[in-house]
Amino acid sequence: PEFRGSLTVPVVGVLFTQGINEQQSISIKVGGECKLQEDINSESFSRLMIYYSSFRAVVQEECEELDKLMEQLKNIIETSKNEKNTELLPVSADIARAMNGGRCTSCKSAKDRTSMSVTWEQTRLLVRWFNMHDEVAGVATELMRARGVRLDNCFKNIGKRLFAFNAIQRQCLPEPYRNPKGTGGGGSA
């Protein structure tokens, strides 16, 4: 059927943030605070809980998995203080997907850490929805990072098909966010 009227769709914006680079590692090690990040995540979770309650009131089907994800996110936000708890990122992404939400991933430059996050998420989706075996998931992620379109994004930004991570930066990244050896050294991250 054709719709000719106007329709207002409310948008509930939330932001979940987690530093994963060497600057976050240094800040944590020297006793720096992550209070702003923690406050942003806490406020966003409160907003998400309000939306989640409305969502559950409308959706009649069983949402056991979503309920577990919300509880997991709540636990991550309440217990993660001055640490890199990167579980926040995939859990919040899974929640947005489970509630048919739109979402994006971005780091400061929108190329290096973003590329690592996007390729890891693509692999997680292949495992979950397309039955990719866990044994080959790491290989798939490495292939996407070493030969995929994310390097084209780097080329458009810095003129090289390399991620900007140097060896120290790479070592400070949590394992799921590390670029394959030989794909770094392209410049400043």
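Under our numbering, the residue at position 104 of the sequence shown is numbered 364, and the numbers go up by one with no gaps. In this text, a Cβ means the ideal position worked out from N, Cα and C, and glycines have one as well.
Name the residue from the options whose alpha carbon lies nearest to the alpha carbon of residue i.
{"i": "Arg405", "options": "Ala358, Val319 and Leu422", "result": "Leu422"}
{"i": "Leu385", "options": "Gly362, Ala353 and Ser366", "result": "Ala353"}
{"i": "Glu293", "options": "Pro270, Asn342, Glu331 and Leu329", "result": "Asn342"}
{"i": "Ile288", "options": "Asn345, Pro270, Leu267 and Thr443", "result": "Asn345"}
{"i": "Arg357", "options": "Asn426, Leu329 and Val399", "result": "Leu329"}
{"i": "Gly361", "options": "Gly279, Ile286 and Tyr312", "result": "Tyr312"}
{"i": "Glu338", "options": "Lys295, Ala317, Leu267 and Trp380", "result": "Lys295"}
Got a sec, what are the start and stop residues for the alpha helix (DSSP H) residue i sits in?
{"i": "Ile280", "result": "Taken as a continuous stretch (DSSP letters only), Ile280 belongs to no alpha helix (DSSP H), as it is neither H nor E."}
{"i": "Pro350", "result": "Leu348 to Ala358"}
{"i": "Thr339", "result": "Glu324 to Thr339"}
{"i": "Leu267", "result": "Careful: Leu267 lies outside any alpha helix (DSSP H) and carries neither H nor E."}
{"i": "Val409", "result": "Segment: none, Val409 is in no alpha helix (DSSP H) and carries neither H nor E."}
{"i": "Ser306", "result": "Lys295 to Val318"}
{"i": "Ser375", "result": "Asp372 to Phe390"}
{"i": "Ala427", "result": "Ala427 to Cys432"}
Excluding the 5 residues flanking residue i on each side, which residues of the same chain have their C-beta closer than 7 Å to its C-beta?
{"i": "Trp389", "result": "none"}
{"i": "Arg307", "result": "Val272 and Val274"}
{"i": "Ile310", "result": "none"}
{"i": "Gln320", "result": "none"}
What is the C-beta distance between residue i and residue j, in whole angstroms, given that I count them as a contact (C-beta under 8 Å)?
{"i": "Pro436", "j": "Glu402", "result": "Rounded, the Cβ-Cβ distance is 11 Å, inconsistent with contact."}
{"i": "Thr383", "j": "Ala397", "result": "5 Å"}
{"i": "Cys414", "j": "Asn281", "result": "That pair is no contact at about 16 Å."}
{"i": "Ser314", "j": "Val274", "result": "Their Cβ separation, rounded to whole angstroms, is 14 Å, which puts Ser314 and Val274 out of contact at 8 Å."}
{"i": "Glu324", "j": "Ile336", "result": "Not quite, the Cβ-Cβ distance comes to about 19 Å (not below 8 Å), so this is no contact."}
{"i": "Ile418", "j": "Gly447", "result": "5 Å"}
{"i": "Phe425", "j": "Gly408", "result": "Phe425 to Gly408, Cβ: 16 Å. No contact."}
Excluding the 5 residues flanking residue i on each side, which residues of the same chain have their C-beta closer than 6 Å to its C-beta?
{"i": "Ser375", "result": "Arg410"}
{"i": "Thr277", "result": "Gln297 and Ile300"}
{"i": "Gln501", "result": "With the chain covering 261 to 449 only, the question about residue 501 has no answer from this structure."}
{"i": "Met359", "result": "Phe315"}
{"i": "Leu326", "result": "Ala358"}
Using a Cβ-Cβ cutoff of less than 8 Å, which residues in the same chain neighbour residue i once the five nearest sequence positions on both sides are dropped?
{"i": "Lys420", "result": "Cys414, Gly446 and Gly447"}
{"i": "Asp372", "result": "Cys414, Phe423, Ala424, Phe425, Asn439 and Ala449"}
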